[in-house]
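Novice: Just passing along the structure, written as structure tokens.
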Amino acid sequence: DGGITQSPKYLFRKEGQNVTLSCEQNLNHDAMYWYRQDPGQGLRLIYYSQIVNDFQKGDIAEGYSVSREKKESFPLTVTSAQKNPTAFYLCASSPNRRAGLRVYNEQFFGPGTRLTVL
Amino acid sequence: SQQGEEDPQALSIQEGENATMNCSYKTSINNLQWYRQNSGRGLVHLILIRSNEREKHSGRLRVTLDTSKKSSSLLITASRAADTASYFCATAPNSGYSTLTFGKGTMLLVSP
Chain R
32 DGGITQSPKY LFRKEGQNVT LSCEQNLNHD AMYWYRQDPG QGLRLIYYSQ
82 IVNDFQKGDI AEGYSVSREK KESFPLTVTS AQKNPTAFYL CASSPNRRAG
132 LRVYNEQFFG PGTRLTVL
Chain A
9 SQQGEEDPQA LSIQEGENAT MNCSYKTSIN NLQWYRQNSG RGLVHLILIR
59 SNEREKHSGR LRVTLDTSKK SSSLLITASR AADTASYFCA TAPNSGYSTL
109 TFGKGTMLLV SP
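Protein sequences, first through last, are from chains R and A. Numbers 32 to 149, taken from the working numbering, label the letters of the first sequence in order. Numbers 9 to 120, taken from the working numbering, label the letters of the second sequence in order.
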């Protein structure tokens, strides 16, 4: 099965703890993304990576960290510096199709991880 | 700030009716995409429309794009209960590589 997986599905954390959310894809996509979704809201971009060993901050990177050591994997660490981490976290990947000078980046999403801070 | 804004925020219809959702955006785009999200799940890509296209179809979905008004609409014809979900538009602002900016979504409820 080709796809993108996230684990765990539910995660509970005590205040002051760091936690790492897993994201794996076997779609051979170059680009990967992490989003945060709060109730009734759209998606906000945390970090993204276009290629292995490179990543960029999104709109709300503070309190989060990532790594991209392998093409298939893009783990997200929610650190204790993130003041309001309770949210639904979504990982996505994209093949970044090229058509001439233009890039078309349909994104494929994992099932999400719901993080709750106790 | 959000690039795309969907309207309405919520829509309730009966099975068999058509559902229309709108998306407005502020800056020029390379393409606009629509996604569906079932409750508590990840998003699913529905359709991508390029900036030089005006209309696109996929099954029961019809998407229009009016770049002069900076708006797009998603029409779902002959709605089914299984279409109940939130629908998001997302814009890609540049012709080269860029990230997507998502709106807050329209919640669609289709009643049997």
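Each residue gets a CB set at the ideal place from its N, CA and C atoms; glycine is no exception.
May I ask you to list, following chain order, the residues of the stretch 91 to 119 of chain A that have a beta carbon less than 7 Å from some beta carbon of chain R?
Specialist: From the stretch 91 to 119 of chain A, only F96, A100, S103, G104, Y105, T107, L108, F110, G111, K112 and G113 have a Cβ closer than 7 Å to chain R.
Novice: Measure from the C-beta of L42 (chain R) to each C-beta in chain A and report whether the shortest distance is under 8 Å.
Specialist: Numbered from 1 along the first sequence, position 11 holds the residue referred to as residue 42 (chain R). With 8 Å as the cut-off, L42 (chain R) does not count as an interface residue toward chain A.
Novice: So, are the CB atoms of L56 (chain A) and T99 (chain A) less than 8 Å apart?
Specialist: Translated into positions along the second sequence, residue 56 (chain A) becomes position 48. Translated into positions along the second sequence, residue 99 (chain A) becomes position 91. No, the Cβ-Cβ distance between L56 (chain A) and T99 (chain A) is not below 8 Å.
Novice: Beta-carbon within less than 8 Å of Q10 (chain A)'s beta-carbon, same chain only, minus the 5 sequence neighbours each way: which residues are those?
Specialist: Your numbering for residue 10 (chain A) matches position 2 in the second sequence. Low local confidence applies: a pLDDT of 49 at Q10 (chain A) is under 50, so the model's placement there is unreliable, with the coordinate-based value given in what follows. Once the five neighbours on either side are set aside, the close Cβ partners of Q10 (chain A) are T109, F110, G111 and K112.
Novice: Excluding five sequence neighbours on each side, which residues of the same chain lie with their C-beta closer than 8 Å to the C-beta of L107 (chain R)?
Specialist: As a position in the first sequence, residue 107 (chain R) is number 76, starting the count at 1. Excluding positions up to five away in sequence, the list reads T51, L52, C54, W65, I77, Y78, Y95, S96, V97, Y120 and C122.
Novice: Please name the residue, chosen from A:N60, A:V71 and A:A86, that lies closest to G24 (chain A) on a Cα-to-Cα basis.
Specialist: The sequence position of residue 24 (chain A) within the second sequence is 16, counting from 1. With distances taken between Cα atoms, G24 (chain A) lies closest to A:A86.
Novice: Could you tell me which chain R residues have their CB closer than 7 Å to the CB of N39 (chain A), listed as they occur along the chain?
Specialist: In the second sequence, counting from the first residue as 1, residue 39 (chain A) sits at position 31. Within chain R, the residues near N39 (chain A) are Y135.
Novice: For the stretch 62 to 74 of chain A, which residues have a beta carbon sitting closer than 7 Å to at least one beta carbon of chain R?
Specialist: Listed by position along the chain: nothing, the set is empty.
Novice: Of all the CB atoms in chain A, is at least one closer than 8 Å to the CB of Q56 (chain R)?
Specialist: Sequence index remark: in the first sequence, residue 56 (chain R) carries index 25 (1-based). It does not: the Cβ of Q56 (chain R) has no partner Cβ on chain A nearer than 8 Å.
Novice: Give me the subset of the stretch 24 to 52 of chain A whose CB atoms are less than 9 Å from a CB atom of chain B, sorted by chain position.
Specialist: Judged by its chain identifiers, the structure shown contains no chain B, and its protein chains are R and A.
Novice: For T36 (chain R), collect the residues of the same chain with a Cβ closer than 7 Å to its Cβ; drop the 5 residues on either side in sequence, then sort them by chain order.
Specialist: What you label residue 36 (chain R) is simply residue 5 of the first sequence in a count that begins at 1. The answer, listed in chain order, is E55 and G141.
Novice: On the three-state DSSP scale, how would you describe A86 (chain A)?
Specialist: Mapped onto the second sequence, residue 86 (chain A) falls at position 78. Three-state result, A86 (chain A): coil.
Novice: Nearest to L146 (chain R) by alpha carbon, out of R:F105, R:V109 and R:Y135?
Specialist: Position 115 of the first sequence, counted from the first residue, corresponds to residue 146 (chain R). The shortest C-alpha separation from L146 (chain R) is found at R:V109.
Novice: Nearest to Q22 (chain A) by alpha carbon, out of A:D15, A:D91 and A:F96?
Specialist: Working through the second sequence from its first residue, we reach residue 22 (chain A) at position 14. Per the Cα distances, A:D91.
Novice: Is it buried or exposed for T35 (chain A), if we count other Cβ within 10 angstroms and need 16 for buried?
Specialist: Within the second sequence, numbered from 1, the residue matching residue 35 (chain A) stands at position 27. Label assigned to T35 (chain A): exposed.
Novice: Do the CB positions of S124 (chain R) and L74 (chain R) come within less than 8 Å of each other?
Specialist: Within the first sequence, the letter at position 93 stands for residue 124 (chain R). Within the first sequence, the letter at position 43 stands for residue 74 (chain R). Contact flag unset, no.
Novice: When the Cα of E103 (chain R) is compared with those of R:H60, R:Q48 and R:P116, which residue comes out closest?
Specialist: Indexing the first sequence from 1 puts residue 103 (chain R) at position 72. The residue with the shortest Cα to Cα distance from E103 (chain R) is R:H60.
Novice: Nearest CA to the CA of K64 (chain A): which residue from A:S80, A:L51 and A:R49?
Specialist: On the second sequence, position 56 is the one that residue 64 (chain A) refers to. Ranking the options by Cα distance to K64 (chain A), first place goes to A:S80.
Novice: Going straight from the alpha carbon of P101 (chain A) to that of V134 (chain R), what length do you get?
Specialist: Indexing the second sequence from 1 puts residue 101 (chain A) at position 93. Indexing the first sequence from 1 puts residue 134 (chain R) at position 103. Roughly 11 Å separates the two Cα atoms.
Novice: Beta carbon of E13 (chain A), beta carbon of M29 (chain A): below 8 Å?
Specialist: Mapped onto the second sequence, residue 13 (chain A) falls at position 5. Mapped onto the second sequence, residue 29 (chain A) falls at position 21. Taking 8 Å as the Cβ cut-off, E13 (chain A) and M29 (chain A) do not qualify as a contacting pair.
Novice: Name the residue from R:Q68, R:I82 and R:K45 whose alpha carbon lies nearest to the alpha carbon of I91 (chain R).
Specialist: Translated into positions along the first sequence, residue 91 (chain R) becomes position 60. Of the candidates R:Q68, R:I82 and R:K45, the one whose C-alpha sits nearest the C-alpha of I91 (chain R) is R:Q68.
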